Amino acid sequence: TVMTEIYLATANRSKSCSVSAEDYKDEHSRLMKAMDELDNPEHMPNGLDPSIWEKFCLARRNKLESEQLVCKCFILPLYFSKYILLKISVEFKNNARLVVKWIGSIDKLHLIELQEEKIKLQVNLTFQFLLKQGQVEVESTEIPDYAGAIFIKKSIIEELNCNIMDQVEKKIASMVKCKEFSKGIFQLEWEHKKMRMQIEDLNQKAQDIVTLPVTKDRQLFLTMLDYDSYMAHRIAAMEQTLAVMDKFEKLSYNLIYLFYSFGNAQLHKKNMKKHQKRIKELEKCISLKEQANYELSLELKEMLVSVSERRHISQAAGESQLTRILFYADMQHISERTAKQRYQEILKQKHLRGLIEEQEKHLDILQAEAERLRSKTFPLL
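Quick note on this note's numbering: the sequence shown kicks off at -17 and runs consecutively.
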């Protein structure tokens, strides 16, 4: 059959590759023989060194081998591709002839049926129409015979169409106006809502402003037109007030004394008198203790003198061991008694110093309170 012949033709392609390779080997062997003949010393020029001739032959042989390698890499694939193309074209022509023979063997009636079916398909075409939204496809009915048809002039039809188009344009214009009017209504409603929201925002801001705590300085800044000049005048007045305060500092102390004469001044004076009285008592106690300490120091000096005298006497007379023991016992007793008295005096002095410090702290607190009350009552001073 035709298909088996085609398969056999394609299977015989691989044989051509081996043939071309063998031809290339033959040509290469013939070329090498020619090169051997050229390298023969008979062809060497007269007067040339044999070593140079050998180098020349070797270079020529290398050049020829490189050229053959290039031919093998580029020219042989080209020849091979041309050979394959020629074989394929020949096979294609043979296959075409086989196909023509195979078509000729088909029944002519079947060909006629196929031609008729092709003509029907070319004539009886099916078109697909895209209907817009809202349109409905209506099934085709029988074609009427137009028995009651009337012929009308073309001018009348055109006039009627013009009237219809005018009415359509008017209707479209009225619809556009209605559309624009409805847009205007929506826009006005939106602006109305916007204005209502702005009114609510302004009312909220007004409420916030009403509830906002505004100081006197802010009120002056909002109400006065020339606030900068007012502040400059106020600063100048404050500077003058500070100068007056520097000049009349002594007068401020007198005013403080007058302030103490009002309100809590009497109580403050009583407290001050009590503290001063307490301080005087403590000073008296301190003076008494100092007097007692002075007397004790005198007694201590006298006792030290007597002790030194007794020591000299005992050393001079050479008293016995018993006398020395009694002397040292007496001295130890005296030193313990003086040490206790001295310790008691030190504790009393420490206690009195603590009381004095507490009184001084209390006086500082009272003075700070008086200064605060003075600055609150007379801020300009």
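Glycine included, every Cβ here is placed at the ideal spot set by N, Cα and C.
In this text, all values refer to a predicted model and were calculated from it rather than measured experimentally.
Shown here for residue 13: same chain residues with a beta carbon closer than 8 Å to its own, the five before and five after excluded, namely 46 and 50 in chain order.
Note on geometry: alpha-carbon atoms of residue 62 and residue 70 lie some 12 Å from one another. Secondary structure at residue 346: helix, using DSSP grouped into helix, strand and coil. With the rule of 3 Cβ pairs closer than 8 Å, the segment 340 to 350 does not count as touching the segment 284 to 295.
The residue among 339, 209 and 188 with its C-alpha nearest the C-alpha of residue 257 is 339. Residue range 136 to 193 is occupied by the alpha helix (DSSP H) that includes residue 163. Under the three-state reduction of DSSP, residue 201 is assigned to helix.
In the displayed model, residue 31 falls within coil according to three-state DSSP, outside both helix and strand. DSSP places residue 253 in the helix class (H, G or I) of the three-state scheme. Under the three-pair Cβ rule at 8 Å, the segment 271 to 278 counts as touching the segment 318 to 334. Residue range 209 to 229 is occupied by the alpha helix (DSSP H) that includes residue 221. For the 7 Å CB-CB criterion, residue 264 and residue 334 form a contact.
In the three-state scheme derived from DSSP, where H, G and I count as helix and E and B as strand, residue 41 is classed as helix.
Within the same chain, no Cβ atom closer than 6 Å to the Cβ of residue 357 is found once the five residues on either side in sequence are excluded. The Cβ atoms of residue 209 and residue 203 sit closer than 7 Å to each other.
Rounded to whole angstroms, the gap between the alpha carbons of residue 113 and residue 121 is 14 Å.
Secondary structure of residue 123 (DSSP, three-state): coil.
Between residue 17 and residue 43, the CB-CB gap stays under 7 Å.
The C-alpha of residue 279 is placed about 38 Å away from the C-alpha of residue 253. Each residue's CA atom was taken as its position, placing residue 189 and residue 206 some 23 Å apart.
For residue 29 and residue 15, the gap between their C-alpha atoms comes out near 26 Å.
A straight-line Cα-Cα distance of about 26 Å links residue 8 and residue 23. Restricting attention to 216, 187, 192 and 97, the CA atom closest to the CA of residue 199 is found in 216.
The straight-line gap separating the alpha-carbon atoms of residue 93 and residue 137 is approximately 56 Å.
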